[in-house]
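Enquirer:
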């Protein structure tokens, strides 16, 4: 039954891929509606089957095609895979609803059909990555996912910015693929098989190399700092539903890969866990610090994704550490925290991306300094964005809190049990996690405040209107999910068979409602005078100007100064004088520029090195047939020698 | 959920709302004395709140729904947080009420909405307040969490109810570490309740105000709710300090006499602490905003030191 449902959803996704491809030349809304409708149907089927497996047990195991004795395309959906399929289903259903309206507002005519088609292909690839039963098909679909997402990013290819972002993304994602491939090959040398369930591979040099390669591959894909730069480039450049899918779902596929390999393949060492934990912590803190500085709405969300993936990696790192020091209960908690945060981040981040997309659509700008006052003009979008902001700031009773507390609790508890050196590590990570979540609250006060509150700071913003209902429905479902996953977190874990020591959020949620009701009743019975809307005291200024408001930059200025060592700025002063004694000033230029630390110190040197290498290699290419014949001859001789030798 | 617990919910809420304005006035009284003034009556905050409830609400034409819901959400979050800190009577915890992490995040929820409310009317005073408040709360957070981790470490639990029950059973300070934690808790109290040297609760000058800036646009009953929430927050953090360091008299079983004694003792202990806060504030000058991180760093290292001492002791 499960298998049929699973393949039903695959068929729908394939239909979503093929319909617009076949009817490529017909620029009609119906074609795109059909394609996205198939996607939504597929997502509903996929969601129900994965929910059934997740809650009820059972699994799907099926081999589709066996081209070689040692290799087959076979699928295995166990509870872990079902969980990630649920993430894909949830986000893609809501994104599909949203995209049905959003894609119609894009330029590009028939290319929009291809966009729908590529979206389905992208989803199909992700479904197959998660349900792959062996490493080779995992790799194959991993690459398909990378390629299809590249096309999605490149949709607005005529813009130079998009081309740059696309190229950046392509290189990074290919690097990721390369490392994953290398890891898989090293792993197969170690184990002699491509299976994804060779439990307990011992820690040898080869398996360590395999782990490091895979970890690097997944980190690049997941946007772990310092491999994160593609996110703030690719997300703003791509159409909104694509950003939502990439940030909400694709990053989680990297998380899935890491968890799958750690759980079912390796038997990790302690330092692996420390490595993952530190990588996660650094990403979490730096991600949110960079997000604070950002004033491009979608880039801000991209940096915040880096932060959240960091938090998820922290959970995974803690899981590995606690497993190796035999604290299975804490390990389970940390892993559950990482998994639950993956789901929650998928939900609230796609909610935020979709509503941000609505805002960008309505105002025509991504710069939050040019927005403002949208709460009056787009009240529903504002309410949805606010829900997402509360969730991502990890505030109770929404879902962000429910998963962060799951990572907090093992950190708190472990301080009493682990050995002193690990205690220090735990304390450092605990305080940095606290810093991260407090900064992300500040970041989203800034984002919501600058976008939706006060007066509009540009004409586009003043003239914005609420988006179509279809663009509210998708995010609306996600907002309800934020509330549901937060309030019922405890009960959901019980239902799935885990008793977790988190507070019952249903209780707190109910109490919040009760208290709010009491306050409202008290207000109702004590108020003697009607409410008045009138100009409030502004220190004698006759009327308020939007230019006098606090902007996003102004809001984050104190934190900018406090964390100024993180934001490396470069100040340049150039002055020219009329005379030699430098008394008569002629002209000057002063410039403060935010240094792109990672690009200047990590990416560019690597790029220069590979360019250098390529130049050297290109000397072999002289375009003369004789030379190439010589190469072939030498190669053949070497092969013969090598074969004769062994 | 049993009858005891429901009784606790009602009792604790009433108690915290009843005593919170008293402590605020007491701090003001002590500060006035140190300045050689007589100062307002200790019941002045009650009068002020009553007066504000009578007044009309004025919203700026620029204000959105955020401005209207902020006082309610803020007050509700603070009242729920109040249930996490038993003032006079400690029952068995139900459904994770009393969890220290949830407590901190409920305070953060209130702060989140207050900061949004500050930005809503578009006044630069509000924006300044919000921006500074969120910055300060972000950089004090590592210290707060480490202090709470130290508490969790000492008491081997994440729940205030169990901590208080444990300290009440012992009656006195159980370990010298607690006194050190108490100092860190005191710093957090000063920071979280916007007091000198971090903020100045008395002035409405743009150079100093943080908390006052955010609520500048609120009026009438809404302002009363914001003021009450701030007072409740002060009382809660004071109660954490009192019930951990000086727990004697805290009731663990439900009896009228026990609760009355505990309530009386709590008011006495709270008044003493309010006096200490007043003296502390009077003895200091407001710090420059960008010097605050060093104060917080000091508090942070102090609390880490506590844990390390405890670990290696």
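Chains as they are written, first to last, in the numbering used here: chain S, 1 to 646; chain L, 1001 to 1313. A virtual CB, placed ideally from N, CA and C, is assigned to each residue, including glycine. Small disclaimer: the values here were computed from a predicted structure and weren't measured.
At the 8 Å Cβ level, is residue 1156 of chain L part of the contact set with chain S, yes or no?
Expert: yes
Enquirer: Only counting the same chain, and skipping five residues up and downstream in sequence, which positions put a Cβ closer than 6 Å to that of residue 1274 of chain L?
Expert: Counting only Cβ-Cβ distances below 6 Å, and skipping sequence neighbours, we find 1023, 1026 and 1027.
Enquirer: Which of the residues in the segment 440-464 of chain S, read from start to end, lie with their CB under 7 Å from any CB of chain B?
Expert: Looking at the structure shown, chain B is missing, and the protein chains on hand are S and L.
Enquirer: Would you report the Cα separation of residue 1099 of chain L and residue 338 of chain S, rounded to the nearest angstrom?
Expert: 21 Å
Enquirer: Quick test of the definition: if touching needs 3 or more C-beta pairs under 8 Å, does the segment 395-402 of chain S touch the segment 317-333 of chain S?
Expert: The segment 395-402 of chain S, when compared against the segment 317-333 of chain S, does not touch it at the 8 Å Cβ threshold.
Enquirer: Examine chain L for any beta-carbon lying closer than 8 Å to the beta-carbon of residue 494 of chain S, and answer yes or no.
Expert: no
Enquirer: Following the continuous alpha helix (DSSP H) through residue 656 of chain S, name the residue where it begins and the one where it ends.
Expert: Residue 656 of chain S is absent from the model: chain S starts at 1 and stops at 646.
Enquirer: From what residue to what residue does the alpha helix (DSSP H) around residue 1009 of chain L run?
Expert: 1003-1034
Enquirer: So the beta strand (DSSP E) residue 3 of chain S belongs to, where does it begin and stop?
Expert: First-last for residue 3 of chain S: 2-22, but that is the alpha helix (DSSP H), not the beta strand (DSSP E).
Enquirer: In whole angstroms, what separates the C-alpha of residue 134 of chain S from that of residue 11 of chain S?
Expert: 22 Å
Enquirer: Only counting the same chain, and skipping five residues up and downstream in sequence, which positions put a Cβ closer than 8 Å to that of residue 477 of chain S?
Expert: 93, 94 and 97
Enquirer: State the CB to CB distance for the pair residue 242 of chain S and residue 436 of chain S, rounded to an integer number of angstroms; the pair is presumed to be in contact (CB under 8 Å).
Expert: Actually they do not touch by this definition, with Cβ atoms about 27 Å apart.
Enquirer: For chain S, check one thing: does any of its Cβ atoms lie closer than 8 Å to the Cβ of residue 1122 of chain L?
Expert: yes
Enquirer: Look at the Cβ atom of residue 1306 of chain L, then the Cβ atom of residue 405 of chain S, and state whether they are nearer than 8 Å.
Expert: no
Enquirer: For residue 534 of chain S, go through chain L and note every residue whose CB falls closer than 7 Å to its CB, in chain order.
Expert: 1058
Enquirer: Can the beta-carbon of residue 318 of chain S be found closer than 8 Å to that of residue 1145 of chain L?
Expert: no
Enquirer: Taking 8 Å as the threshold, find out whether the segment 375-389 of chain S comes into contact with the segment 1051-1058 of chain L through three or more Cβ pairs.
Expert: no
Enquirer: Any beta carbon of chain S sitting closer than 8 Å to that of residue 1105 of chain L?
Expert: yes
Enquirer: Check the Cβ of residue 1286 of chain L against every Cβ in chain S and list those closer than 9 Å, keeping chain order.
Expert: Simply none; closest approach about 16 Å.
Enquirer: Looking at the structure shown, is residue 75 of chain S part of a helix, part of a strand, or coil, going by DSSP?
Expert: strand
Enquirer: Anyone know if the C-beta pair for residue 175 of chain S and residue 215 of chain S falls short of 8 Å?
Expert: no
Enquirer: Within the 8 Å Cβ cut-off, does residue 323 of chain S reach chain L?
Expert: Among the residues facing chain L, residue 323 of chain S is not included, as its CB has no counterpart in that chain under 8 Å away.
Enquirer: Classify residue 555 of chain S as buried or exposed, calling it buried when 16 or more other Cβ atoms lie within 10 Å of its own Cβ.
Expert: With 16 or more Cβ atoms within 10 Å of its Cβ, residue 555 of chain S is classed as buried.
Enquirer: Taking all protein chains shown into account, decide if residue 524 of chain S is buried (16 or more other Cβ within 10 angstroms of its Cβ) or exposed.
Expert: exposed
Enquirer: Leaving out five residues on either side along the sequence, give the residues of the same chain with a beta carbon under 7 Å from the beta carbon of residue 144 of chain S.
Expert: Contacts found: 125.
Enquirer: If you draw a straight line from the alpha carbon of residue 155 of chain S to that of residue 1069 of chain L, how long is it in whole angstroms?
Expert: 41 Å
Enquirer: Cα separation between residue 168 of chain S and residue 1197 of chain L?
Expert: Straight-line Cα distance between these residues: approximately 48 Å.
Enquirer: Mind listing which residues of the segment 95-112 of chain S have their C-beta closer than 8 Å to chain L's C-betas, in chain order?
Expert: Going along the segment 95-112 of chain S in chain order, one finds no residue with a Cβ nearer than 8 Å to chain L.
Enquirer: Can you tell me the Cβ-Cβ gap for residue 113 of chain S and residue 239 of chain S, rounded? I've got them flagged as a contact below 8 Å.
Expert: The pair is not a contact, with the Cβ atoms about 14 Å apart (cut-off 8 Å).
Enquirer: Could you give the first and the last residue of the continuous alpha helix (DSSP H) run that contains residue 1132 of chain L?
Expert: 1124-1155
Enquirer: Checking contacts by CB at 8 Å: is residue 504 of chain S closer than that to chain L?
Expert: At least one CB atom of chain L sits nearer than 8 Å to the CB of residue 504 of chain S.
Enquirer: Have a look at residue 84 of chain S and residue 443 of chain S and give me their C-alpha separation to the nearest angstrom.
Expert: 28 Å
Enquirer: How should residue 605 of chain S be labelled, buried or exposed, when 16 other C-beta atoms within 10 angstroms of its C-beta is the threshold for buried?
Expert: exposed
Enquirer: Report all residues from its chain with a CB closer than 8 Å to the CB of residue 1123 of chain L; omit the five preceding and five following residues, and keep chain order.
Expert: 1060, 1216 and 1217
Enquirer: From the DSSP output, in three-state form, read off residue 1121 of chain L for me.
Expert: coil
Enquirer: By Cβ distance, which residues of its chain are closer than 6 Å to residue 49 of chain S, with the 5 residues on each side in sequence left out?
Expert: 2, 5 and 6
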